[in-house]
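Residues 214 to 296 in the numbering used here are what the sequence shown spells out, letter by letter.
All C-beta atoms, glycine included, are put in the ideal place defined by N, C-alpha and C.
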Amino acid sequence: SRIVNIHDARMGADMKQRFIDNHLFEFNHVFSEHNDSDRVFDNVVRPLVQLVLQGGNGTAMMYGQTGSGKTFTMTHCYTRSEE
Numbered sequence: 214s215r216i217v218n219i220h221d222a223r224m225g226a227d228m229k230q231r232f233i234d235n236h237l238f239e240f241n242h243v244f245s246e247h248n249d250s251d252r253v254f255d256n257v258v259r260p261l262v263q264l265v266l267q268g269g270n271g272t273a274m275m276y277g278q279t280g281s282g283k284t285f286t287m288t289h290c291y292t293r294s295e296e
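Spelled out as structure tokens, the structure:
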């Protein structure tokens, strides 16, 4: 697995003070815009579903720009998980 550090620039409630939050995320896969939702499901979500059904824990997290298809992909994966 790999780790990415996200620097989240924020503005205080007073709209004067700026600060940066840092968030570390560990990840196993990165998919390009050329990969479809089936590939995401088969490589990430299916193994997690199988793990959970065996009593384990798992999380699939999507991170990306607004409008990049995260909700579309997760909806597809949710539907495929019901199969």
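With a cutoff of 8 Å on beta-carbon distance, Asp-234 and Arg-223 are scored as near each other. Secondary structure of Val-257 (DSSP, three-state): helix.
Within the same chain, Cβ atoms closer than 7 Å to the Cβ of Val-217 are found at Phe-238, Phe-240, the five residues on either side in sequence being excluded.
Taking the Cα of Glu-296 as reference, the smallest distance to any Cα among Ser-281, Arg-259, Met-228 is reached at Arg-259. In the three-state reduction of the DSSP assignment, Phe-285 falls in the helix class. Straight-line spacing of the CA atoms in Lys-229 and Gly-277 works out to 27 Å. Here Asn-218 is bridged, per DSSP, to Leu-237. Listed in chain order, the non-local C-beta contacts of Ile-219 below 6 Å within the same chain comprise His-236, local neighbours out to five positions each way being set aside.
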